[in-house]
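Report on the following structure.
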């Protein structure tokens with residue numbers, strides 16, 4: 001791969017996905033894109049770039065998806081899900097007692113482990129959510145991973161990573177070498193293709209936003225822009241959950257850290273809404289627990 005090829009790919013990825021690669025990430029591009037080049041019968045990445053430069057929108061989409069498909073697993077990092085169960089939901093059950101509805105957005109839902117982990121947490125709450133309407137929206141840049149999430153089918157290796165055995169038995173059905181999440185859990189999650197670089201105000205406002213392990217790949221200006229738009233997409237007393245290596249500190253005044261809860265944030269009084277712009281609570285299909 002020539003320096004010009006690398007420069008072209010870096011610019012393309014940043015423009016299409018926000019992914020900001022430093023000069024020492026050639027190995028990452030090679031590991032992700034060489035299999036794609038061979039799949040298309042090309043000898044290597046230089047030929048892949050030549051074909052893209054010649055005009056191949058579908059190939060560009062495949063390249064972006066190959067570079068932005070990140071590892072995930074059930075109950076990843078555990079702490080955010082403990083906080084969801086022990087801090088977020090108890091507060092929301094009190095605050096939303098009158099309307100009995102909660103909206104949750106997984107802003108980088110990937111192959112579904114995160115939204116389905118949240119769905120299992122909610123189911124485990126049992127009678128506490130009886131009669132409540134809870135909506136989980138899972139979005140991702142990649143249509144391919146969204147299709148996998150919709151199917152809810154995982155390999156033995158995938159279900160062994162982070163998923164407690166009692167939840168596997170309770171919420172999955174085995175089919176040969178694979179496990180599928182039961183229809184009731186799948187119906188709790190709605191899937192939509194979405195690029196965080198683009199406007200997402202049409203999704204409405206949320207009580208909880210999980211946006212973990214995606215903004216770490218963005219440059220500072222892009223992070224600031226996304227954080228400010230996330231603040232406008234959240235209820236005034238909502239919760240933002242970030243990855244362990246992410247923070248809003250020094251980037252936006254739209255959120256403030258939740259005391260003694262790593263990775264958990266709430267909207268601040270200083271969050272900036274456009275004059276008169278109030279996002280709707282989208283009346284979409286939701287699961288009644």
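In our numbering, the protein residues as written are 1 to 289.
Idealized CB from N, CA, C, for every residue including glycine.
Among the options, the one whose alpha carbon lies nearest that of residue i
i           : options               : result
residue 298 : 10, 5 and 14          : Nothing in the structure corresponds to residue 298, since the chain is present only between 1 and 289.
residue 95  : 125, 231, 235 and 58  : 235
residue 61  : 200, 48 and 72        : 48
residue 12  : 32, 64, 1 and 51      : 64
residue 117 : 205, 148 and 84       : 84
residue 263 : 81, 5 and 31          : 81
residue 199 : 90, 229, 261 and 120  : 229
residue 150 : 232, 141, 183 and 121 : 183
residue 89  : 187, 226, 207 and 231 : 207
residue 294 : 176, 250 and 51       : A query on residue 294 cannot be resolved here, the shown segment of the chain reaching from 1 to 289 and no further.
residue 185 : 39, 6, 113 and 260    : 113
residue 129 : 92, 115, 53 and 175   : 92
residue 226 : 211, 127 and 238      : 211
residue 18  : 24, 26 and 9          : 9
residue 233 : 169, 259 and 205      : 205
residue 26  : 7, 16 and 175         : 7
Residue i vs residue j beta-carbon contact at 8 Å
i           : j           : result
residue 103 : residue 144 : no
residue 108 : residue 214 : yes
residue 44  : residue 34  : yes
residue 138 : residue 193 : no
residue 52  : residue 59  : yes
residue 57  : residue 5   : no
residue 105 : residue 203 : yes
residue 148 : residue 111 : yes
residue 219 : residue 20  : yes
residue 267 : residue 238 : yes
Other residues of its chain near residue i: CB distance less than 6 Å, five sequence neighbours each side excluded
i           : result
residue 240 : 209, 255 and 265
residue 123 : none
residue 195 : 141
residue 32  : 66 and 67
residue 16  : 64
Beta-carbon proximity list for residue i, same chain, < 8 Å, skipping 5 on both sides
i           : result
residue 216 : 243, 245 and 246
residue 178 : 153, 154, 155 and 156
residue 79  : 244, 262 and 263
Cβ neighbours of residue i in the same chain (closer than 7 Å, five flanking residues each side left out)
i           : result
residue 161 : 73 and 74
residue 121 : 81, 84 and 85
residue 119 : 136, 185, 188 and 189
residue 164 : none
residue 77  : 244
residue 276 : Because residue 276 carries a pLDDT of 38, less than 50, the predicted location of this residue cannot be relied on, and no value is offered for it.
Exposure label - residue i; buried when at least 16 CB within 10 Å
i           : result
residue 181 : buried
residue 166 : exposed
residue 141 : buried
residue 269 : exposed
residue 171 : buried
residue 159 : buried
residue 127 : exposed
residue 28  : exposed
residue 115 : buried
residue 231 : buried
As an exercise, report each continuous beta strand (DSSP E) stretch of at least 3 residues that is fully enclosed by the segment 131-182, in chain order.
Listed in chain order, they are 133-140, 153-155, 172-175 and 178-181.
In chain order, what are the residue ranges of uninterrupted beta strand (DSSP E) at least 3 long that sit wholly in the segment 206-282?
As for any beta strand (DSSP E) of minimum length 3 sitting wholly inside the segment 206-282, the runs are 206-210, 234-241, 255-257 and 264-267, ordered along the chain.
Which runs of the alpha helix (DSSP H), 4 residues or longer, sit entirely within the segment 64-100?
Complete alpha helix (DSSP H) runs here, min 4: 79-83 and 89-95.
In chain order, which alpha helix (DSSP H) runs of at least 4 residues are fully inside the segment 19-53?
Within the segment 19-53, the runs of alpha helix (DSSP H) that reach at least 4 residues and sit entirely inside it are, in chain order, 26-39 and 45-53.
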